[in-house]
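Contents: one structure, followed by commentary.
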Amino acid sequence: MARQLSTSLSDGLLTWSVLYFIYHVFWVNFFACIGLGIQGAAAAVGVIRFAQSRIGGQVYDYHQMLSWLAQVMGLPLLAVGFCHKDLPIMMNLNLMIMIGVLIGSRFLASGMRQMAVQSCSGFAMLTIILICLRSWNIYGLLATALYVISGKVVGSEGKMGPFYRVDILHVGLAIANYLFTLAMCE
């Protein structure tokens, strides 16, 4: 596989958006910073992975693992960051689902594992939507909508016009992370 420098650059943009989020939100909300920090780690490894001229190796494995952890741990911890003061029940549910998927996915078949991961991240997104609706946080709602559109409508496989879908996904997530920064600092 040839280098995908555009994907490496979009991963770099995503990494910078996470660093921006952590810089502005760390003292306000530690849980959310840990959650997006996992996403930032996956993006940072993605910069290296897509800048390489050959596929495979340890960098590929680390990127796959961190991308999986960003879905299973990152989004639920971001949701915990949104609801730990207002709705502790939702916080506990997100943590329980996250731990259940972390432990149980090892014993599931491939299709069931993917469904468990999507359920975990989907519940986290629904939690953030609920909290943002309760508090009229428009930035959080826009960020969540952008996450869902980037992840489910655009996806990460193939091309959309002249652009790789994964590049559009990364740019969408980076913009959403900026909106999450505004939502947390509001």
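Read in order, the letters of the sequence shown are residues 0 to 185 in numbering that gives the first Met the number 0. Don't be surprised by glycine CBs; every beta carbon is placed ideally from N, CA and C.
1. Can you list, in chain order, the residues of its chain whose CB lies under 8 Å from that of Val153, leaving out five sequence neighbours each side?
2. On the CB-based measure, 16 or more other CB atoms within 10 Å of its CB, does Tyr22 come out buried or exposed?
3. Can you grab the Cα-Cα spacing for the pair Thr14 / Asn91, in whole Å?
4. I need the boundaries of the alpha helix (DSSP H) containing Ser9, first residue and last residue.
5. Which term fits Arg48, buried or exposed, when burial requires 16 or more other beta carbons within 10 angstroms of its beta carbon?
6. Using the Cβ count rule (16 or more neighbours within 10 Å means buried), how would you classify Cys82?
7. Per DSSP, which residues does Phe162 bridge with? Please list them.
8. Over the uninterrupted alpha helix (DSSP H) stretch that includes Ile96, give me the two end residues.
9. Whole angstroms is fine: what's the gap from Gly139's alpha carbon to Ile130's?
10. May I ask you to verify whether the stretch 55-68 touches the stretch 19-36, counting CB pairs closer than 8 Å and requiring at least 3?
11. Would DSSP call Ile47 helix, strand or coil?
12. Just tell me which of Gly157, Ser134, Ile174 and Arg133 has its CA closest to the CA of Val147.
13. Could you tell me if Gln113 is buried or exposed, where buried requires 16 or more neighbouring beta carbons within 10 angstroms of its beta carbon?
14. Pair every Cβ in the stretch 64-78 with every Cβ in the stretch 34-45, then say whether three or more of these pairs are closer than 8 Å.
To lay it out plainly:
1. Met159, Arg164, Ile167, Leu168 and Gly171
2. exposed
3. 28 Å
4. Leu4 to Val24
5. buried
6. buried
7. Met159
8. Pro87 to Gly103
9. 9 Å
10. no
11. helix
12. Ile174
13. exposed
14. yes
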